[in-house]
């Protein structure tokens, strides 16, 4: 996020908050509260959107679901208002995680798709990569392993663009782990080994924490078991259990931990499962999330059934039923909240689309001449500079023509300004039709009775031919001009400069040269064309004089 326009104090807060949010939660909360307070005083949606997002993220790390959800939803409204698209995409990603953690797959998928839509629309590729990762995990939970691999692969492709970022490299490691586990489920051991190889490659340069190592050892244990390497499997199980004693962010990998519990039950490692339960009970007591509790009870039911403990088995079944009843009520609340957010987003998108259309209309008005409806001098300047630069790069001809109406002052004085405006409109209509028929030609009103035409990549012979045709089209309009001392109809004179740019000169040097050619044409005879072009590395003039004929009148 760019906060360069803010005070030094605010810039320091916005720099420190993302760091403290991950390293010192209590300090991070204090900084977020300070930024939110300033945002409220300034009524600044950008500061509020940023502050609430990171405050929610802190509570995510602290496994405080209630506060996490509360601040995340507040932040979304401010992020939409201030067009903080990357953070908004991240917020929808976190809301998807929240819904998935609470067992509402439908809401989770909807939130993820909203995040992907925002990320793709506003080119937030890193955020899209993270969402694809979570969508893969969603399908993995549904045991749609091929679909899960599809989304993990899409995430991998995007993350490989950001390998200078440490977080992206760490996420790549996690993706290879989860993809490998999917391959194991599909009994594709060779592909799982390839994923393990990629994981190991990226691990070599990274400092990983205990959370990462739990996942790594768990995956290696499964892979060794799939390959029949039971001794190595036992060793990796032991290492995974040791790492669980000290990792802090259970919320981030709870599904992986429960999946590891299922794996241990499959191996009938009941002592290790008992140790795992001791850890899980403390974490779940702190979080009070029904879906996690339900998954924990499911594991307990498998555990007691495996040990043929009927009484404990029935007690766990009854407790699971009660837990599912509470979870059902929570899901109804979540569905309503998701619907409100969806309508809110659609309303914001509608307002944004209206604003975009209004902005486009205003820009077109600002760049278009009100009388002739041709592009104006402002638009001409921007386009001419772009075209000139392109011609310079690609070694193509760049031509610029300036034309004006012969004896237009006399026409205006004689017929009046309203008639003069009608004359200019007719000429502009001819110019529009001319540019529509000809490729690589652009026309604008320069001012008064002067118009400018740009030609790209055309030879001098082609431009001269087209200029003469244009002159003839103006004559065909037979706009009566009884105040002209030479003809009785409106005519134009044209000056042109056409060469390949050899150095980055100003476009207006070309226009000045074309204006000089126009002056030469008028000096020789009105209703004529003069072109300056390059011949044998020298700039030469060609003047096409057109004699007055009866059919001109």
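In the working numbering, the protein residues as written are 105 to 657. Where a beta carbon is used, it is the ideal one built from N, C-alpha and C, also for glycine. Fair warning: this is a prediction, and the values are worked out from it, not measured in the lab.
Note that the C-beta distance between residue 595 and residue 631 is below 8 Å. Sorting 362, 368, 495, 363 by C-alpha distance to the C-alpha of residue 341 places 368 at the top.
Residue 182 counts as buried, since at least 16 other C-beta atoms from the protein chains shown sit within 10 angstroms of its C-beta.
If the five residues before and after residue 511 are omitted, its C-beta is found closer than 6 Å to the C-beta atoms of 588, all from its own chain and listed in chain order. In this structure the region 224–240 touches the region 251–268; the number of beta carbon pairs closer than 8 Å is three or more. Under the three-state reduction of DSSP output, residue 266 falls in the helix class. For residue 224, same chain residues with a beta-carbon under 8 Å away, outside a window of 5 residues either side, are 232 in chain order.
Residue pairing of residue 185 in beta bridges, as defined by DSSP: absent, with no partner found. When only Cα atoms are considered, residue 147 and residue 259 end up about 37 Å apart.
A direct Cα-Cα distance of roughly 43 Å separates residue 196 from residue 497.
Boundaries of the alpha helix (DSSP H) harbouring residue 619: 611–628, taken from the DSSP string. Collapsing the DSSP output to three states places residue 308 in coil. In the structure shown, residue 360 adopts helical secondary structure according to DSSP, grouped into three states. Straight-line measurement puts the Cα of residue 421 at about 33 Å from the Cα of residue 284. Here residue 475 is exposed, its C-beta having fewer than 16 other C-beta atoms within 10 Å. With 16 or more other CB atoms across the displayed protein chains lying within 10 angstroms of its CB, residue 222 is buried. Every alpha helix (DSSP H) of 4 residues or more that sits fully in the region 115–201 is shown, in chain order, as 129–146, 149–165, 169–185. Shown here, residue 400 sits in a helix according to DSSP, grouped into three states.
Secondary structure of residue 228 (DSSP, three-state): coil. The count of Cβ pairs closer than 8 Å, one atom from the region 568–587 and one from the region 476–483, stays below three, leaving the stretches out of contact. Secondary structure at residue 338: helix, using DSSP grouped into helix, strand and coil. Taking a contact to require three or more Cβ pairs closer than 8 Å, the region 331–348 and the region 185–204 do not qualify as touching. The DSSP-derived three-state label of residue 602 is strand.
For the pair residue 491 and residue 568, the CB atoms are not nearer than the 8 Å cut-off. Exposure of residue 628 is indicated by the presence of fewer than 16 other C-beta atoms within 10 angstroms of its C-beta.
Looking at 145, 131, 144, 186, the one whose alpha-carbon comes closest to that of residue 159 is 131. Taking all protein chains shown into account, residue 377 has 16 or more neighbouring C-beta atoms within 10 Å of its C-beta and is therefore buried. Residue 115 counts as exposed, since fewer than 16 other beta carbons sit within 10 angstroms of its beta carbon. Closest by C-alpha distance to residue 306, out of 117, 374, 268, is 268. Counting along the chain, residue 474 sits inside no beta strand (DSSP E), nor does DSSP assign it H or E at all.
Spanning the alpha carbons of residue 516 and residue 473 requires a straight line of approximately 19 Å. Counted as a single uninterrupted DSSP element, the stretch harbouring residue 636 is not any alpha helix (DSSP H) but the beta strand (DSSP E) occupying residues 633–639. In the three-state scheme derived from DSSP, where H, G and I count as helix and E and B as strand, residue 588 is classed as coil.
Cβ atoms of residue 296 and residue 330 come within 8 Å of each other, at about 7 Å. Looking at the backbone, the Cα of residue 429 and that of residue 423 are separated by about 10 Å. One thing to note: residue 597 has its Cβ no nearer than 8 Å to the Cβ of residue 528.
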